[in-house]
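K.L.:
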Amino acid sequence: MAILELRDVSFKYQLGKETVLENINLSIEKGEFVACIGRNGAGKTTLCSIMRGLIPNFQNGTMTGDVFLNGQNMKELSLGEIAQKVGFVFQNPFIQVSGIKKTVFEEIAYGLENLGVPRDEMIERTNAIITQLKIEYLRDKHPMQLSGGQSQRVALASVLVMDPEILIIDEPTSQLDPQGTEEVFETIHILKQRHKTIILVEHKIDLVSEYADRVILIDQKHILLDGPTSEILTDISLLDHGVSLPQVALLALRVEEETGKKLDRIPSVIEDAVIEFSKLV
Amino acid sequence: MKKGFITKLYPLTKAMFVGCMLIIGLVSDWRVGYLVVLPLCLLFAIIDGVAKPFIIKVFGALVVFVVFIFAFKIFLDKSASPIVFQYAFITIRQQGILDALNQTSILTILASAIILFFETTDVEEFMISLQQINMSHMISYVILSTLQMIPEMFKKSKIIMQAQQARGIETEGNLWLRTKAFFPSLGPLIISSIADLEERAITLEVRGFSADVKKTSYKEINKTPYDRTIFWSLIAATAAYIGWRIFTWLF
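Listed below in structure tokens is the structure:
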């Protein structure tokens, strides 16, 4: 049984002239790492909000279709129940701050306070996530006085500490430097190893190709492509939808063009590229 | 930060002090406000090392109101009470001064007790103490976020003003120029603050705010035996004072 399933979901914002998403059908299995790609404004964030239940509960508009969480229709679940099962990291980390806590430690622990976690366990879990995300140096800082990158890590920590079954992450590295980006992806990878279900919106295709199991492409209100990462991210049609291919895939295409030789398959990650290119030598 | 005796008290003990002072002020004349409550609050502020911000804030909160009320009461007083001061057309009578003192005394009590409370109380601890007496966490969040968002709004207002400056709008200079620059900044400030509120509601939802469980707290605050003694002493003293006031009115 799918952990998260969308059946014929369409949505139109209250002030929007057109639907943002139309007849979306999507089934995500437990432990899958699904990356959602597409050009800006394609509806990726809207899809995330629907999967988290923020639409239609918090954002006005017309939604049709159903979303099922562990086989149960989300309409039958309370907001609190969804919060415990589905974590959501926003694209803009500054809005993820509660606004009432004075230190990063307290800010991260806030979600656990809301879930009624006992104090000792709260401290233990908060310390663990701070160590995992290597943000010990931010521990006593005021959450409102962080840089973009720091806020992004704290936002991620604030959701991870709640240990949800499903984690929806909307562009978690948009304000991070390359090293910070790599560290966030390593954290996401650890979560995947712990059999968490991860849905990630990300423009950094090279990292998506390295970590995700499955990729969906959203454009023109629909899911246009859905399949294994190595298959989708080597599909040249992605370029027509405003999405780049991974660097190694672009290199492979260029090699084919320059040498006139066909590779057995276009690689999407470095390891595959090494294998394919060695066949040419 | 070193915590003083008053700061260490349980927030509701201090809230009870504020409440008792207000009740006492309502049933007393000006002498209680000016000669008892204000000096008492100042003394507590000195003991806790917050005298400077206390004086600045009390003065800032009261000066405009007190000056206006005094001016109105003194200049509009038509009683036949003894004249205290007379110069040209200005005549200040005893009754005018007494009326002004009586009317400003409750403001003085209100300002001094509340400012002392917030100078010696962590707002979050106050909210936790309210939740401990089963106040809805939603109400306490609204109070807490409002109090903590005020400085953020000031910051945002400055950013908007700087953005206007960057576009060549004069925001500094005389009062007229500053006023002309300030009012147009209110629109974006209010609209962005409303948008922030909507976003914050979603943020809270994501952080499990509406989870139907008993909330816990990282910060631990507990009543001490001192708190219990002070709390009940305040109630007893206020009740005794009111009883005495009623007795003196009746007989």
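Protein chains in written order, with this note's numbering: chain A, 1358 to 1638; chain B, 29 to 279. All C-beta atoms in this analysis are idealised placements derived from N, C-alpha and C, irrespective of residue type, glycine included. The structure displayed is predicted, hence computed values, not measured ones.
(1) My understanding is that I1627/A touches A1609/A, with C-beta atoms under 8 Å, so please give their C-beta distance in whole angstroms.
(2) Which residue wins for smallest C-alpha separation from E1375/A, given the options R1571/A, T1554/A, I1547/A, G1418/A?
(3) Using 10 angstroms around the beta-carbon of L1469/A, count the other beta-carbons present and answer buried if the total reaches 16, otherwise exposed.
(4) On a CA-only basis, which of A229/B, T244/B, S140/B is nearest L63/B? Give me that one, please.
(5) List, in order along the chain, the chain A residues whose C-beta lies closer than 9 Å to that of R228/B?
(6) Using a Cβ-Cβ distance cut-off of 7 Å, determine whether A1512/A contacts chain B.
(7) How long is the line joining the alpha carbons of D224/B and I1452/A, rounded to whole angstroms?
(8) For a quick check, are the C-beta atoms of W58/B and N130/B less than 7 Å apart?
(9) Are the beta-carbon atoms of P81/B and E147/B separated by less than 7 Å?
(10) Using the rule of at least 16 other Cβ atoms within 10 Å of the residue's Cβ for burial, across every protein chain shown, is F1445/A buried or exposed?
(11) Among the candidates N1430/A, I1573/A, M1479/A, whose CA atom is the shortest distance from the CA of E1389/A?
(12) By DSSP, does P1585/A sit in helix, in strand, or in coil?
(13) Can you check whether the C-beta of T35/B is within less than 7 Å of a C-beta belonging to chain A?
(14) Checking the sheet assignment: what are the DSSP bridge partners for Q1429/A?
(15) Mind listing which residues of the segment 1465-1480 of chain A have their C-beta closer than 8 Å to chain B's C-betas, in chain order?
(16) Assuming I137/B and L50/B form a contact by the criterion Cβ under 8 Å, report the distance between their Cβ atoms to the nearest whole angstrom.
(17) For a quick check, are the C-beta atoms of R1409/A and V1443/A less than 7 Å apart?
(18) Identify which residue in L1581/A, C1393/A, S1566/A has its Cα closest to the Cα of A1606/A.
(19) How do the segment 85-94 of chain B and the segment 163-177 of chain B stand: do at least 3 beta-carbon pairs fall below 8 Å, yes or no?
(20) To which residues does DSSP link K1369/A through a beta bridge?
(21) Measuring only the C-alpha atoms, how far is R1611/A from L1637/A?
(22) Could you tell me which chain A residues have their CB closer than 9 Å to the CB of T149/B, listed as they occur along the chain?
(23) Going straight from the alpha carbon of P1529/A to that of F1447/A, what length do you get?
(24) Nearest by alpha-carbon distance to A1399/A: which of I1589/A, V1558/A, G1456/A is it?
(25) Which residue from G271/B, S245/B, L232/B puts its Cα closest to that of A1440/A?
(26) Going along chain B in order, which residues have a C-beta closer than 7 Å to the C-beta of G1437/A?
(27) State the DSSP-derived secondary structure class of A1514/A, mapped to helix, strand or coil.
(28) Which of the residues in the segment 52-65 of chain B, read from start to end, lie with their CB under 8 Å from any CB of chain A?
(29) Does the distance from the C-beta atom of R1322/A to that of L1490/A stay below 7 Å?
(30) Quick check on the DSSP output: what are the complete beta strand (DSSP E) runs of length 3 or more inside the segment 86-142 of chain B, in order along the chain?
P.N.:
With the structure as the only source:
(1) Their Cβ separation, rounded to whole angstroms, is 11 Å, which puts I1627/A and A1609/A out of contact at 8 Å.
(2) It is G1418/A.
(3) buried
(4) S140/B
(5) I1452, V1454, S1455, G1456
(6) no
(7) 8 Å
(8) It is a contact, given that the beta carbons lie within the stated cut-off.
(9) A contact, by the Cβ cut-off of 7 Å.
(10) buried
(11) I1573/A
(12) P1585/A: strand per DSSP, three-state reduction.
(13) Any Cβ of chain A closer than 7 Å to the Cβ of T35/B would place that residue at the interface, and such an atom is absent.
(14) Looking at the DSSP output, Q1429/A sits in a beta bridge with L1426/A.
(15) A1466, Y1467, G1468, L1469, E1470, N1471, L1472, G1473, V1474, P1475, R1476, M1479, I1480
(16) 6 Å
(17) Yes, they are a contact pair.
(18) S1566/A
(19) Counting C-beta pairs closer than 8 Å gives fewer than three between the segment 85-94 of chain B and the segment 163-177 of chain B, which falls short of the contact rule.
(20) T1419/A, per the DSSP bridge assignment.
(21) 13 Å
(22) The contacting residues do not exist; T149/B stays about 14 Å from chain A at best.
(23) 7 Å
(24) V1558/A
(25) Just measuring C-alpha positions, the residue of G271/B, S245/B, L232/B sitting nearest A1440/A is L232/B.
(26) Per Cβ cutoff of 7 Å: G236, S238, A239, D240.
(27) Note: A1514/A maps to helix in three-state DSSP.
(28) none
(29) Outside the shown range of chain A (1358 to 1638) lies residue 1322/A, about which nothing can therefore be said.
(30) 111-115, 118-121
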